[in-house]
Structure formats: C-alpha cells, structure tokens
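K.L.:
Protein chains in written order, with my numbering: chain A, 79 to 788; chain B, 56 to 246.
1) Kindly provide the ranges of any beta strand (DSSP E) runs that are 3 or more residues long and lie completely inside the region 198-268 of chain A, ordered along the chain.
2) Using CA atoms only, rank isn't needed, just tell me which of A:728, A:643 and A:201 is closest to residue 560 (chain A).
3) Pair every Cβ in the region 456-474 of chain A with every Cβ in the region 220-234 of chain A, then say whether three or more of these pairs are closer than 8 angstroms.
4) Tell me, to the nearest whole angstrom, how far the beta carbon of residue 204 (chain A) is from that of residue 432 (chain A); I am working on the premise that it is less than 8 angstroms.
5) Sorted by chain position, which residues of the same chain lie with C-beta nearer than 8 angstroms to residue 59 (chain B)'s C-beta, five sequence neighbours on each side aside?
6) Closer than 8 angstroms by beta-carbon distance: list the chain A residues that pair up with residue 194 (chain B), in chain order.
7) In whole angstroms, give me the CA-to-CA distance for residue 757 (chain A) and residue 462 (chain A).
8) To the nearest angstrom, how far is the alpha carbon of residue 109 (chain A) from that of residue 551 (chain A)?
9) Given that a residue counts as buried once 16 or more other Cβ atoms are within 10 Å of its Cβ, and exposed if not, what is residue 611 (chain A)?
10) Pull the bridge partners of residue 182 (chain B) from the DSSP assignment, please.
11) Can you confirm whether residue 829 (chain A), when its beta carbon is compared against all beta carbons of chain B, has any partner nearer than 8 angstroms?
12) Can you check DSSP and say which residues form a bridge with residue 140 (chain A)?
13) Closest to residue 554 (chain A) by CA distance: which of A:570, A:541 and A:546 is it?
14) For residue 229 (chain B), which residues in the same chain have their Cβ closer than 7 angstroms to its Cβ, ignoring the five residues on either side in sequence?
15) Once you ignore the five residues that flank residue 437 (chain A) on each side, which residues in its own chain have a CB closer than 7 angstroms to its CB?
16) So does the region 281-300 of chain A actually touch the region 581-591 of chain A, counting three or more Cβ pairs closer than 8 angstroms?
17) Between A:236, A:780, A:695 and A:576, which has its C-alpha nearest residue 187 (chain B)'s C-alpha?
18) Give me the subset of the region 212-228 of chain B whose CB atoms are less than 9 angstroms from a CB atom of chain A, sorted by chain position.
19) For residue 69 (chain B), count neighbouring Cβ atoms within 10 angstroms of its own Cβ and tell me buried if that reaches 16, exposed if not.
20) Which residues in the same chain have their Cβ closer than 7 angstroms to the Cβ of residue 179 (chain B), if we skip the five residues on either side of it in sequence?
21) In this structure, how does DSSP classify residue 391 (chain A) when only helix, strand and coil are distinguished?
22) Identify, in the order they occur along the chain, each residue of the same chain with its Cβ nearer than 6 angstroms to the Cβ of residue 93 (chain A), setting aside the five sequence neighbours on each side.
23) In three-state DSSP terms, what is residue 682 (chain A)?
24) Mapping DSSP to helix, strand and coil, what is residue 467 (chain A)?
25) Taking the alpha carbon of residue 701 (chain A) as the reference point, which residue from A:715, A:707, A:695 and A:684 has its own alpha carbon closest?
26) Using beta-carbon positions only, say whether residue 206 (chain A) and residue 181 (chain A) come within less than 8 angstroms of one another.
27) Would you call the region 613-624 of chain A and the region 207-214 of chain B touching, i.e. three or more CB-CB distances under 8 angstroms?
28) According to a CB-to-CB cut-off of less than 7 angstroms, which residues of the region 167-191 of chain B neighbour chain A?
29) In chain order, which alpha helix (DSSP H) runs of at least 4 residues are fully inside the region 89-122 of chain B?
30) DSSP on residue 760 (chain A), reduced to helix/strand/coil?
31) Considering Cα atoms alone, identify which of A:131, A:90, A:147 and A:113 is closest to residue 745 (chain A).
32) DSSP has residue 384 (chain A) in a bridge; who is on the other side?
33) Between which residues of its own chain and residue 629 (chain A) is the CB-CB distance below 8 angstroms, once the five residues before and five after are set aside?
34) Please report the distance separating the alpha-carbon of residue 79 (chain A) from that of residue 521 (chain A).
35) Looking only at its own chain, which residues have a Cβ that is under 7 angstroms from the Cβ of residue 237 (chain B), when we skip the five neighbours before and after it?
36) Between residue 400 (chain A) and residue 363 (chain A), what straight-line distance do the alpha-carbon atoms span, to the nearest angstrom?
Right, here's the structure in full:
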C-alpha cells in the first residue's frame, strides 16, 4: 500500500461540493488537511471542517432498536457487506431486482451518481433516482429532445467570449460563483446582461435589462421573444435552414404569442420584452444560463427550456464561441461522457427488470435520463413494490416532496441502507448506516468542459479515509461480490479505467500528466463535423420535437398558467395572496452543511425574503419568525422562517430556501419538517408533462407572524 | 438448390398454417443451414425478410421456451446471411470501414434472446450471446417484434430510444453516429 504522499504529491483535486469543478489544493500538516487554498468559496474552504467534524459517521452502524430510535451497534465492514448482500439477495430472489430503489442526491456530487449507476447494473434494478427531477431533469429532457445534448445547463454558456449574457432564473453569484466571476469579467469589458428573475438578485441589479416577471410565466416570455425574433427576421437564417427542423411550424405557432399577449401575463412591459428579444438576437455572440428559477420545479419546466433552446438555436448561438457551447466538444467527448458520468444510459439492468421501472408508460424520457418516477417509488414503499431503499449521498426525506409520506414510507421498507457522512433524518431511519469516504479520501476522475476548462482530471486520494470510511463505489462493488454477482470491475480503479475507454487512456495515464489533467482540444460548431449534425430523429436541431410528439406531449413550447396563481385561481389567491418561489443560499449546497459551524454562521436560520410593504401589512418586522402555509397544507402543517425584508420584491412574492433541516434538533427528525417547503407539497397532480415533478415553486401561500418567536 | 428444400421453404413461407410453421420451422432451418446461407440468398431473394414476416405472423415470441430456440436458430442464419451480403457489396464494405469499431448487443425483453454483432476494420461479424460490458459499445433491449423491426430497418431508432420503446445501454451519440447507419445497412441487406 502506497502512502498518501506518494499517491498525490501536490494535493490538487477537484472540489465537488457543488457543480463548479474548481481545482483546489489541500494543504496538510502532520498528515491532516488543514486548509483548502485556491478556493474563494465557503463550501470549498470548509472541506476540512466536514472531514474532521466530531459528528462524522466513521464506522458501519447497524440498527439494534426500532427504526428511528437511535440505537446503533458498530459492526465491521465484513459484517455489514455480508448482511446487506444477504438481505438484498433474498429480496431480489423473492420479488425481483426492480423492488430495490437506489437514490442519490447532489451530495458527493458525481460519486453517488457513479455508485447508483453501478448498483443499477449489479443489483438489476431500473429504479434509481439521480439528483432530483425537481432539479436538472426537465431541462435535460427538453435539451435532449431538441438536440440530443445539453445546451441550457450551467456548464454551457461561454461567458468569456459572449457580448450578451442572459441569466434566466439563475442567481450565479450564489449558485455558481466561479462562473459568476467569468460573467462579471465580461460585463466589465462591456458585455450586455439581461436578467429574467422575479427576485432582485445581485446580477439583476447590475443588468442592462432586468425583466422582473411573475413566477411561473417564463414560457410566455420565451414565446413572445421568439415571436419578435422571428417576425423581425432577427434569426440566423443560415443556421435555421441548414441545421434546424420545424422552423415553419414554430413560426406559425408563435404568431399569437405577441409581446402584447405576454405583457399582462408576465407583468412586463411590451417594450421590455421586445427590447430583450432584440438585444439577445442582435448582440452576438450571446449565451443563456438557465437554472431552477425557470426550468425546474414547475409544471411548465420543460416548456420553458424548449422555448429557451429554440431561441438559442434560431439566433445561431449553438456551440459558437461566446454562445451556448455543446458540452461535448467532439464525438469522442460525447461517447466518453456517457460512459464517464454514466448519463443517461451507460448502465442498465436486465431486460426483464428494465420493463418494471417506476413511472413506466408515464414518463419514459425521465427514465431515459436515469430517473424512476418518485411518486410511484414512494407509493411502492407502502404497497411493497419497493422493498429496499439504498440512499447514497442522498438525504431523501429532506430532498423529496411529500416528505412526511417519504418519512413514514421509509419506516415500512424491508431494508434501508444509507451511505453518509452524518446522521441525517434519512440515515436515522436506516437499518445500516455506512460511513462514506469524502472527495479527498478517494481516487476519482472529474471532467470540466465548461468555459474556461476543457479537461479531465484524475487525482489520487489526498488523505487516507478517516475511521473506516469507504468509497461509495467500493461499497457497491463489495456488496455485489458477496451476492455472487458477476461484477465487471475488479475494483474502483478498474471501473474508472472502463469509463475512460473511448479516450484510450487509463486513470493512471491521466494521473501522471501535468496537474493530473488531460487537456482536450477546444472545438466549436461540432454539428458542422457531425454526421448527422445532431443525434435527434431528424439529425437536426428539432424546434418541433418529434420525440415530444411521440411521447404525446407538446412538440412546440406551450405556456400554461401555473395551477395555483392570481390568474388561474383568483378566489384562492384572495385567501393565499402570496406566490412562493425558491432561492439558493451561498453557504450551502442543497441540504448539506447545516452542521458545519463556519457555514452555518453565515446563515444561522432559514429565512423568507419578502417585500417590506407586505411584511408591514402583516405586522411582520425584519427578523421575526413567520409561519407559511399553502392551500394544500392549510390547517395541517406550516413551516417557519425568519423574515428578511427585501425591497425590490413583488409585493405578492416571497422566496425561501430549500432543503433546510436542523442537525442540532432532536433525532430522528432533526427538525426536518420545520422549515422545508417539501413538507407542504404532496405528490399530487398536476405534474410536469415530461418528467412528472409536482410544482414546488410558483405556488400560492400565505404568511403570518409566528406566535412563538423562536 | 435441392428442389425439395426449395419446396419446403415455399410451403413454409406461403402455404403452411401457423401451427404447421411452428412444427416445421426448426428442421427446415437446419436444412437451410446445411445447404449454405450464401446459396440460399442467391436463390430466394428476400428470404430473411419473408421469414421474419412469417415468424411475426405466427407470433413466435408467444411460444414459450420454443420461441428462444426458433429465434436463436433464425438469428444464426440471419447473421451469416448479413455477413455474406456485406462481404459481397463494395458499398457495404465502405460503410463498415467508415464506422470503425463497434460492438452491439441485442437482447429481447420477452424471450431469452441474446445476440450481438460487431464491426471491425470494415468487417461485419455476429453471433449468439452477449459481449461483455467492457467491450460492448451499445446494448439495445426491446420486444422480439421490435428487434425484428429494428433489423428490417423499420424503426426510428433515436425516437424509440428516447421514448423507451427501445432501451439503450450506451452513449446516445454513438447510437446516432454508428448504430443507426449500420442498422440501415442491415435492413437493406435483409430486404
């Protein structure tokens, strides 16, 4: 066994505490990581705080009391893997592999995805959920249908070369700070910025044009912008003619969606809609960065993304320098990538099992992307169609909607396993809690193809795993071996080498390169070299989606009023006169980090942003605790936030964080139902038409000052 | 061709009842194999296309354990036929050379059919069973009927994959760039 200093001489690795792919350096003293340098972000800097936190789970634990009772017995890895293998095998033999559900969240970003994809193959189950369908999935689905690739995701915009940057439902200074720095550098050299956001975000305040639209009306805005660009012939005729399919249908479709039509829907002026369309279409090159504020968590999500990717396409901003880059610069990248990040279909179970995925017949594209449909999974906890649940870097209870049903459902499954760093509410309900190694304690390959990067990095562990922590991927491999499964990979390094097979290099080859990086050539306009240009049914960028048509959903983007809104439910709006939207917090990645003092000190309490005038009418002062309830939760449950009064909000819009729980509160719940919007959102229709997520923003609510101010 | 065999094939394709086909197809395929697939293809144009129609007509995939035996045997003949046809055509050879290296597994969801084909250095080869994950580029899974449609070139592959009428294991880009043209070639050779 080599010692750590031989394995990695310079301490460089990729921070995976969010999606940014920042290369950072671990500084060590006496074998212990004491500092993360080259890192401007609190989430990266606090990695040692996570690693050496006194509450970190360091040994395999087996439940010995009732579920949630908090009685645990430390066991060896041999005991843990033997027991888990035996229970999984019993379940598979009796009920089929499809009754095993594997879930990962954004924690251990990239590791959980790898581990559950391996598990999909090794435990023969199609029922996995990666990330969340309330996150990237609608956007990816819309992009895949249109062009067979990502286009609107946070990796795609080429800020550095753009002369116009659109932030659409995204708050880069908080969510993607490394990219925000690139964007702001471009702003300083004169790039124009358009922001579509109901909230007065920092970037909105600095924008050339801020379109403060009503939550949930992004598709209406997108359609109106398409109307302007097409009718004023501002589009890229050559790109449209050569590479697009369905332009005439799109043109005809958007005729009725004029700025005049969109203005009252969106609360924008006609002039500003026209101005935005003209600015984006004529200031070339231009890029768009869309995130959850627009393209997720609503029943319109995939339609918003379709409108956006259509705009990007017809304005000729696909994979041009300064536009929205195709993440895969070459076909080799593309092929490698599927293997590499295991999206969307690099590993599958047996055909017999594959047919039994949750959501079968309802949301096939979501399954193609790699997700089972959560409402059916949770139902399966109760009706026995899901017998085992294995969460790998996923605080499922906190992250999923209808969380009380998830909570109760997890008590009913025959087997619950959680790989974690800390005792989360989800871990508290498990039969086995397995100590997961941290990013710094594993060998890994990480790609970064977004501007300004174009490389793959292969790094060895920086520190030995603490206690008896294991790499999530090793856990899956070892359990599968004990089940007698034919495992295609001998160990994690063998797995990593398999993922690199299309590049013709090994993990070790890249590890030995300067900075442990394989730099790839930067190429643009990949479609000019592709045969066909795009991996779609027509081989073109499908403005009219044949795939969506085949799925029985809208082949062209369509605006639907949110199911609860001042317009669709005016009577309900009188009773629940506020529109809830989400916001991200600088200090945290989703539900992580609440127990890390340096992060928590930045934001000690969950807060609800609201307009000062609205607060005043409700007798609420800045810093007061408030209670929020929705039409569906009223009388049953409310959640609490501290009021944060923010001028610039619409008077009828409030914004709260997601994924909040309180590690310091009593187990097993740890206050997970107290300040989490997911506690108020049931798995009930209407659902988003392509991926089936319930609406968890752009929903009505009401707020009152809490009776107990603590 | 032996006159008897030709008569038997004609009867199988055009005269026999479904029940007779189910009873006789295996021994006839044995004879076809013994006779030589290359010669058969010259003498009965569209043979494989017609046989697939016939198997679809009799609902071969509903025959339980016999289904796999029949389809396996048929696939063996078919792959030999495609290999021979590909070898005979300069256009096919050029296309295959352009494809580079490709390993595709095909697996049925309704019967235990597992088969594969490979393209390597301009040559086509195929056989029973699945190639291991590490060598495989793409695995496609579907009902036998859908796989037959796929082989006949009657499937919009990308749409089918994205709507999960075909289940894909492997990269979508690989599918569009390499698998789609090879399946079109196979469909053309079968016709």
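Yeah, the Cβ is synthetic: ideal placement off N, Cα and C, and Gly gets one too.
P.N.:
In terms of the structure at hand:
1) 206-208 and 242-246
2) A:201
3) no
4) 5 angstroms
5) none
6) 426
7) 23 angstroms
8) 24 angstroms
9) buried
10) B:171
11) Lying outside 79 to 788, the shown extent of chain A, residue 829 (chain A) is not represented and no answer is given.
12) A:151 and A:510
13) A:570
14) 192 and 193
15) 444, 445, 450, 451, 454 and 770
16) no
17) A:576
18) 212, 213, 214, 215, 216, 217, 218, 219, 220, 222, 223, 224, 225, 226, 227 and 228
19) exposed
20) 137, 138, 141, 151 and 172
21) helix
22) 100, 102 and 122
23) coil
24) strand
25) A:684
26) yes
27) yes
28) 187, 188 and 189
29) 92-98 and 102-112
30) coil
31) A:147
32) Note: residue 384 (chain A) sits in no beta bridge, so no partner.
33) 442, 443 and 768
34) Caution applies to residue 79 (chain A), whose pLDDT of 33 falls short of 50 and renders its modelled position unreliable; the value that the coordinates give is listed next. Cα to Cα, residue 79 (chain A) sits roughly 14 angstroms from residue 521 (chain A).
35) 154, 157 and 174
36) 5 angstroms
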